[in-house]
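Per this note's numbering: the sequence shown = residues 136 to 234.
Yeah, the Cβ is synthetic: ideal placement off N, Cα and C, and Gly gets one too.
Structure first, commentary second.
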Amino acid sequence: MIHAAGPYLLASVLVGLGLYGILARRNAVLVLVGAELVLAGGGLLLVTAGALGHDATWSGQVLTLFVITIAAAEVVVALAVIVAAYRRRGHIDLSQDAG
């Protein structure tokens, strides 16, 4: 049995770093990396809750697999949008206007 403090602390650090990356960065790729860190922290919380609970269906682990699958699809779409924006605008800085 694992102790809950370690994974919860790591998940909170991942979510905190991800939120900082989303809110403080101007580069679209770094904002995407921040979003992925938030999803990783959420997945770690799901796995930890599933491991600490006495659920026979492994719902935390199964739900985390769904989150990872959706996150992979989200990365593909987001990178396609970023590449299209770069081709159109010539930069991916989110603070500059499109003109």
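8 Å contact criterion, which residue i and residue j should meet: CB distance rounded
i	j	result
L172	T199	No, L172 and T199 are not in contact; Cβ-Cβ is about 15 Å, not under 8 Å.
L145	G156	Contact doesn't hold; Cβ gap of about 16 Å is too wide.
L187	A139	6 Å
Residue from the options whose Cα sits closest to the Cα of residue i
i	options	result
S147	I227, A213, S230, G176	G176
G153	A159, G169, A163, H138	G169
L174	Y143, A140, A220, A206	A206
V197	S230, L179, D228, N162	L179
A213	L149, G141, N162, Y143	N162
Bridge-paired residues (DSSP) for residue i
i	result
D228	N162
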